[in-house]
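K.L.:
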Amino acid sequence: MAPNDCLFCRIRDGLIPAQPLHRDEHCFVLQDIHPQAPVHLLVLPNRHVATVNDLQPGDEPLVGHLFTTAARLAAEKGIAASGYRLVMNTLGDAGQTVFHLHLHLLGGRQLGWPPG
(Lines of atoms letter the chains of each structure in order from A and count residues from 1; the text may use other names and numbers.)
(Lines give C-alpha, C1' and ligand atoms only; values in the text may rest on other atoms or scores of the structure.)
Protein backbone atom coordinates (compact mmCIF):
# COMPACT_ATOMS: atom_id res chain seq x y z
CA MET A 1 0.00 0.00 0.00
CA ALA A 2 1.31 3.40 -0.94
CA PRO A 3 1.49 5.94 1.90
CA ASN A 4 -1.08 8.15 0.12
CA ASP A 5 -3.57 5.24 0.34
CA CYS A 6 -2.84 4.61 4.02
CA LEU A 7 -5.56 5.49 6.52
CA PHE A 8 -3.06 6.48 9.21
CA CYS A 9 -0.98 8.60 6.81
CA ARG A 10 -4.16 10.40 5.76
CA ILE A 11 -4.97 11.06 9.44
CA ARG A 12 -1.38 12.20 10.05
CA ASP A 13 -1.64 14.63 7.13
CA GLY A 14 -4.97 16.06 8.30
CA LEU A 15 -6.93 14.62 5.36
CA ILE A 16 -9.14 12.65 7.76
CA PRO A 17 -10.23 14.47 10.92
CA ALA A 18 -8.86 13.09 14.17
CA GLN A 19 -7.81 14.40 17.56
CA PRO A 20 -4.26 13.19 18.24
CA LEU A 21 -3.59 12.81 21.96
CA HIS A 22 0.12 13.40 21.36
CA ARG A 23 2.26 14.48 18.44
CA ASP A 24 6.00 14.99 18.17
CA GLU A 25 8.66 14.86 15.45
CA HIS A 26 8.68 11.04 15.46
CA CYS A 27 5.15 9.85 16.26
CA PHE A 28 1.53 10.61 16.94
CA VAL A 29 -1.04 8.93 19.18
CA LEU A 30 -4.71 8.23 18.56
CA GLN A 31 -7.54 6.73 20.57
CA ASP A 32 -8.52 3.37 19.00
CA ILE A 33 -11.98 3.69 17.45
CA HIS A 34 -12.82 0.12 18.52
CA PRO A 35 -11.31 0.02 22.02
CA GLN A 36 -10.65 -3.39 23.55
CA ALA A 37 -9.91 -1.97 27.03
CA PRO A 38 -10.76 1.20 28.97
CA VAL A 39 -7.47 2.63 27.70
CA HIS A 40 -6.69 1.66 24.10
CA LEU A 41 -4.32 4.00 22.31
CA LEU A 42 -2.39 3.62 19.06
CA VAL A 43 1.17 4.94 18.93
CA LEU A 44 2.19 5.46 15.30
CA PRO A 45 5.39 6.60 13.63
CA ASN A 46 5.04 9.70 11.47
CA ARG A 47 7.00 7.92 8.74
CA HIS A 48 5.05 5.29 6.85
CA VAL A 49 6.33 1.80 7.64
CA ALA A 50 3.83 -0.88 6.63
CA THR A 51 4.76 -3.69 9.05
CA VAL A 52 7.44 -4.82 11.47
CA ASN A 53 8.85 -6.80 8.53
CA ASP A 54 9.54 -3.49 6.76
CA LEU A 55 11.70 -2.02 9.53
CA GLN A 56 15.29 -1.41 8.47
CA PRO A 57 18.62 -1.32 10.30
CA GLY A 58 18.73 2.10 11.87
CA ASP A 59 15.02 2.10 12.82
CA GLU A 60 15.80 1.04 16.40
CA PRO A 61 15.60 4.64 17.74
CA LEU A 62 12.17 5.06 16.13
CA VAL A 63 10.82 1.82 17.61
CA GLY A 64 12.32 2.70 20.99
CA HIS A 65 10.62 6.10 20.82
CA LEU A 66 7.24 4.42 20.20
CA PHE A 67 7.72 2.30 23.34
CA THR A 68 8.92 5.15 25.56
CA THR A 69 6.03 7.31 24.35
CA ALA A 70 3.63 4.48 25.21
CA ALA A 71 5.14 4.17 28.70
CA ARG A 72 4.76 7.91 29.29
CA LEU A 73 1.14 7.82 28.15
CA ALA A 74 0.43 4.80 30.38
CA ALA A 75 1.65 6.87 33.33
CA GLU A 76 -0.44 9.87 32.23
CA LYS A 77 -3.54 7.66 31.91
CA GLY A 78 -2.96 6.20 35.39
CA ILE A 79 -2.38 2.60 34.31
CA ALA A 80 1.40 2.32 34.66
CA ALA A 81 1.28 1.05 38.26
CA SER A 82 -1.45 -1.55 37.69
CA GLY A 83 -0.10 -2.80 34.37
CA TYR A 84 -0.74 -2.50 30.67
CA ARG A 85 -0.07 -4.38 27.46
CA LEU A 86 1.83 -3.24 24.36
CA VAL A 87 1.00 -5.11 21.15
CA MET A 88 2.29 -4.73 17.61
CA ASN A 89 0.44 -6.98 15.16
CA THR A 90 2.23 -8.00 11.97
CA LEU A 91 0.23 -9.04 8.90
CA GLY A 92 -3.18 -10.67 8.59
CA ASP A 93 -2.80 -13.79 10.73
CA ALA A 94 -1.80 -11.58 13.66
CA GLY A 95 -4.75 -9.23 13.13
CA GLN A 96 -3.07 -6.28 11.43
CA THR A 97 -5.81 -4.49 9.47
CA VAL A 98 -4.13 -1.15 8.72
CA PHE A 99 -0.72 -1.52 7.15
CA HIS A 100 1.05 1.33 8.91
CA LEU A 101 3.14 0.20 11.87
CA HIS A 102 1.36 0.93 15.15
CA LEU A 103 1.75 -0.01 18.77
CA HIS A 104 -1.43 -0.75 20.75
CA LEU A 105 -1.40 0.45 24.36
CA LEU A 106 -4.10 -1.41 26.31
CA GLY A 107 -4.93 -1.17 29.99
CA GLY A 108 -7.35 -0.10 32.65
CA ARG A 109 -8.66 -3.62 33.36
CA GLN A 110 -7.36 -7.13 33.96
CA LEU A 111 -6.14 -8.44 30.59
CA GLY A 112 -6.44 -12.15 29.89
CA TRP A 113 -3.74 -14.48 28.65
CA PRO A 114 -3.24 -15.88 26.11
CA PRO A 115 -4.46 -12.88 24.14
CA GLY A 116 -5.53 -14.67 20.95
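Residue numbering for the sequence shown follows the numbering used here, starting at 552 and increasing by one per position. We put the CB at the ideal spot given by N, CA and C, even for glycine.
1. Spatial neighbours of A625 within its chain, please: CB distance less than 7 Å, with the 5 preceding and 5 following residues excluded, ordered by chain position.
2. Helix, strand or coil for L606, going by three-state DSSP, please let me know.
3. Identify, in the order they occur along the chain, each residue of the same chain with its Cβ nearer than 7 Å to the Cβ of V594, setting aside the five sequence neighbours on each side.
4. How far does the alpha helix (DSSP H) with F650 in it extend, from its first residue to its last?
5. Below 8 Å on the Cβ atoms is my contact criterion, and I expect R574 with I567 to pass it. Report the Cβ-Cβ distance as a whole number of Å.
6. Between K628 and V590, how many whole angstroms is the CB-CB distance? I'm expecting something under 8 Å.
7. Which whole-angstrom value describes the C-beta separation of R623 and N597, a residue pair presumed to lie in contact below a C-beta threshold of 8 Å?
8. Over the uninterrupted beta strand (DSSP E) stretch that includes G658, give me the two end residues.
9. Spatial neighbours of Q647 within its chain, please: C-beta separation below 8 Å, excluding the five flanking residues on both sides.
P.N.:
Short version:
1. Against the sequence shown, residue 625 aligns to sequence position 74. The beta carbon of A625 is closer than 7 Å to those of A631, Y635, L656, G658 in its chain, skipping five residues each way along the sequence.
2. Taking the sequence shown and counting its residues from 1, the one referred to as residue 606 is at position 55. If DSSP states are grouped into helix, strand and coil, L606 belongs with coil.
3. Here residue 594 refers to the residue found at position 43 when the sequence shown is read from its first residue. These residues qualify, in order along the chain: C578, V580, L617, T620, A621, H653, L654, L656.
4. As a first step, residue 650 is located in the sequence shown; it is residue number 99 there, counting from the start. From DSSP, F650 is part of no alpha helix (DSSP H); its letter is neither H nor E.
5. As a working mapping, residue 574 is identified with position 23 in the sequence shown. As a working mapping, residue 567 is identified with position 16 in the sequence shown. Contact flag wrong, Cβ pair sits at about 15 Å.
6. Looking up residue 628 in the sequence shown gives position 77. Looking up residue 590 in the sequence shown gives position 39. About 5 Å separates the beta carbon of K628 from that of V590, a gap short enough to meet the 8 Å contact definition.
7. For the purposes of this step, residue 623 is taken as residue 72 along the sequence shown, with counting starting at 1. For the purposes of this step, residue 597 is taken as residue 46 along the sequence shown, with counting starting at 1. About 17 Å separates the two Cβ atoms, so there is no contact after all.
8. Along the sequence shown, one-based indexing puts residue 658 at 107. DSSP places G658 in the uninterrupted beta strand (DSSP E) bounded by 654 to 658.
9. Within the sequence shown, the letter at position 96 stands for residue 647. These residues qualify, in order along the chain: T602, N640, T641.
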